[in-house]
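In this note's numbering, the protein residues as written are 23 to 93. Quick reminder that beta carbons are idealized off the backbone N, C-alpha and C, glycines included. On a predicted model such as this, the values are computed, not experimentally measured, just so you know. Below is one structure; the comments refer to it alone.
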C-alpha cells in the first residue's frame, strides 16, 4: 500500500502475510487505493493532533523498526 513497502511476511500462527489483513479490511470497508500517501495510515488522527497541538507526539515503533532482508 505504501510507496516503498517492506515485504509482507508475518510470523503469526494464523496469518503469514500482512496482505491478508488488507483483504479483510477491504472486505469490510471497501477498496484501499494503492499506493497511498504516508499520511493515509494515520486517518483522522493527524487532523486531531493538529487541532490540539500537543507539545510532543509519541508513536509506537514496535512495528516501525525492522530488519532489512537485504542486510
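For residue j and residue i, the rounded distance between their alpha carbons
i: residue 72; j: residue 81; result: 15 Å
i: residue 66; j: residue 78; result: 18 Å
i: residue 91; j: residue 49; result: 30 Å
i: residue 70; j: residue 64; result: 10 Å
i: residue 51; j: residue 34; result: 24 Å
i: residue 45; j: residue 53; result: 9 Å
Enclosing alpha helix (DSSP H) for residue i [first to last residue]
i: residue 51; result: 40–51
i: residue 37; result: Note, residue 37: premise wrong, no alpha helix (DSSP H); not H, not E.
i: residue 68; result: 67–74
Reference residue i; option with closest CA among the options
i: residue 24; options: 32, 57, 47; result: 57
Segment contact flag, the region 33–42 with the region 58–76, C-beta cutoff 8 Å, min 3 pairs: With a cut-off of 8 Å on Cβ pairs, the region 33–42 is not in contact with the region 58–76, counting fewer than three such pairs.
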